[in-house]
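Add 4 to a position in the sequence shown, counting from 1, and you land on the number used in the working numbering. Just so it is clear, CB atoms sit at the ideal spot from N, CA and C, and this is done for glycine as well. Structure record follows, encoded as structure tokens.
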Amino acid sequence: MITKEEKTVAVKISCQNIRKIFIQKGKLQVHVLEDISLDVYNNEFLVILGPGQSGKTTLLRIMAGLESPTEGRVLLDGKEVNGPGPDRGLVFQSYMLFPWKTVMGNVEMGPKLRGIPRDERRKIASHYINLVGLTGFEKYYPHQLSGGMKQRVGIARAYANNPEVMLLDEPFGQLDAQTRYYMEKETARIWETEKRTVVFVTNNIDEAIFLGDRIITLEGKLPGRMKSVYKVDLPRPREHTDMAFLEMRQKIIDET
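Rendered as structure tokens:
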């Protein structure tokens with residue numbers, strides 16, 4: 005657990021007064037975010053929780069450098085984010101795999117594009133394929149995999165780029181309840197193994213409590229504004245049936 009003192013000097017990502025308005029042909033289209041300021045600490049698992057149409061995906065895309073804020077800025081290690089970079093790995097709700105490439109081909113793509121020699125990048129890819137529990141499926145193509153397995157390939161591919169920050173946008177939203185719970189447990193296990201900074205977007209309160217060190221909630225209407233911050237002091241591994249878990253769940257529901 006990161007102490008208050010450590011967090012003071014260990015800010016990884018800083019979002020400062022983020023405002024986002026989508027404009028087309030000089031006319032306001034959608035006012036998505038307003039006055040978002042938050043810090044994400046080194047090796048923290050931060051969850052951004054909000055209903056649909058609350059701006060949480062746009063906020064994540066701004067952190068990723070895929071969108072530019074209308075006002076404000078994002079700093080990564082004190083440097084302003086002006087576009088995508090290998091220091092940030094992304095996992096989206098849709099699987100985003102190359103259908104013509106095998107599991108191995110997908111996972112090693114990042115190291116390959118960086119010019120890493122074949123034997124070395126295969127070693128890197130094999131490590132993360134094993135980490136996500138897909139050893140033995142290296143030669144399978146995406147159409148031969150289940151939804152949960154495809155998402156594990158996506159997570160392995162993001163980690164294989166050796167990013168400092170992992171950004172996950174509702175990655176389990178398309179999965180059935182049982183597979184989703186399994187993937188939540190796997191995500192927590194991988195994070196504890198790798199200890200990287202993670203920002204995870206979800207609309208699921210149970211998922212947020214199960215995974216997060218902290219939960220930041222957004223208001224349920226546009227423009228999205230920060231509403232509350234919850235520190236999750238529950239020990240890991242967590243159980244959905246623990247009284248403390250249920251009490252926090254009810255608190256978030258009551259304040260939403």
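Inset, instruction - Inspect the beta-carbon positions of residue 227 and residue 37 and report whether they are closer than 8 Å. - result: yes
Legend entry - Buried/exposed call for residue 48, threshold 16 Cβ in 10 Å: buried
Legend entry - Cβ-Cβ separation, residue 205 to residue 169 (assumed contact under 8 Å), whole Å: So it is not a contact: roughly 13 Å between Cβ atoms.
Inset, instruction - Compare the C-alpha of residue 126 against each of 246, 225 and 160 and name the closest. - result: 160
Inset, instruction - Let me know the secondary structure DSSP gives residue 9 once reduced to three states. - result: Bear in mind that a pLDDT of 45 at residue 9, under 50, signals an unreliable position, so the model cannot answer this.
Inset, instruction - Kindly identify the DSSP beta-bridge partner or partners of residue 242. - result: According to DSSP, residue 242 bridges with nothing at all.
Legend entry - Opposing strand residues paired with residue 35 [DSSP bridges]: 25
Legend entry - Where residue 157 sits in the DSSP three-state scheme: helix
Inset, instruction - Consult DSSP for residue 99 and reduce its assignment to one of helix, strand or coil. - result: coil
Inset, instruction - Spell out a yes or no on whether the stretch 108-118 and the stretch 129-137 are touching, meaning 3 or more CB-CB pairs, one atom from each, closer than 8 Å. - result: yes
Legend entry - Endpoints, beta strand (DSSP E) assigned at residue 202: 201-206
Legend entry - Per DSSP, cross-strand counterpart(s) of residue 219: 51 and 234
Inset, instruction - Sort 183, 167 and 89 by Cα distance to residue 154 and report the nearest one. - result: 183
Legend entry - For residue 255 and residue 151, the rounded distance between their alpha carbons: 32 Å
Legend entry - Nearest neighbour of residue 236, chosen from 224, 245, 223 and 253 [CA to CA]: 253
Legend entry - Selection from 189, 180, 248 and 157 that minimises the alpha carbon distance to residue 95: 157
Inset, instruction - Could you please give the first and the last residue of the uninterrupted beta strand (DSSP E) stretch that includes residue 76? - result: 75-80
Inset, instruction - Would you check whether the ligand NAP has a heavy atom nearer than 7 Å to the C-beta of residue 101? - result: The ligand NAP is not among the ligands present in this structure, which contains no ligands whatsoever.
Inset, instruction - Work out the CA separation of residue 75 and residue 27 for me, nearest whole Å. - result: 13 Å
Legend entry - Residue nearest to residue 39 in terms of C-alpha spacing, selected from 249, 242 and 231: 231
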